[in-house]
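Participant: Take a look at the following structure, please.
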Amino acid sequence: MKRFNQNSPSCVRRLLLGLFLLLAIAAPIPAFSQSCALCYTQAASSGSKMIQALRSGILILIIPPTLGSVGLILLVHRRTNQIRRDIDSNERGQDW
């Protein structure tokens, strides 16, 4: 069984990732907005239906690229780990 050293690079990376995620969740929502002038004027001059339509449109435009990016990152991460395991197993079998 593998023991994790508290000073290992993977432990530090996990800690930094956790802190980054906590910061991203704790940050106020207005900090993420771009304050598009056209969107602001349209939302200010329209009713609640238009505001809800803008919110839905923003979600529709953000969610698919985000899911695609996360999926691609996970795929690359898996493939990288798979190649590393294959290289490690080949190196162990060599008796020079």
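With my numbering applied, the sequence shown corresponds to residues 2 to 97, in that order.
For every residue, glycine included, the Cβ atom is placed at its ideal position computed from N, Cα and C.
As the structure is a computational prediction, the values presented were derived from the model and not from experiment.
(1) Compute the Euclidean distance between the alpha carbons of residue 37 and residue 44, then round it to the nearest angstrom.
(2) How should residue 20 be labelled, buried or exposed, when 16 other C-beta atoms within 10 angstroms of its C-beta is the threshold for buried?
(3) Quick one: grab the DSSP three-state call for residue 47.
(4) Residue 76 to residue 85, Cα distance in whole Å?
Facilitator: The short version:
(1) Locating residue 37 in the sequence shown gives position 36, counting from the first residue. Locating residue 44 in the sequence shown gives position 43, counting from the first residue. Spanning the two alpha carbons is a distance of roughly 11 Å.
(2) The residue labelled residue 20 in the question sits at position 19 within the sequence shown. Exposed is the call here.
(3) If you number the sequence shown from 1, residue 47 lands on position 46. Correct three-state label for residue 47: coil.
(4) Walking along the sequence shown from the start, residue 76 turns up at place 75. Walking along the sequence shown from the start, residue 85 turns up at place 84. Their backbone Cα atoms lie some 14 Å apart in a straight line.
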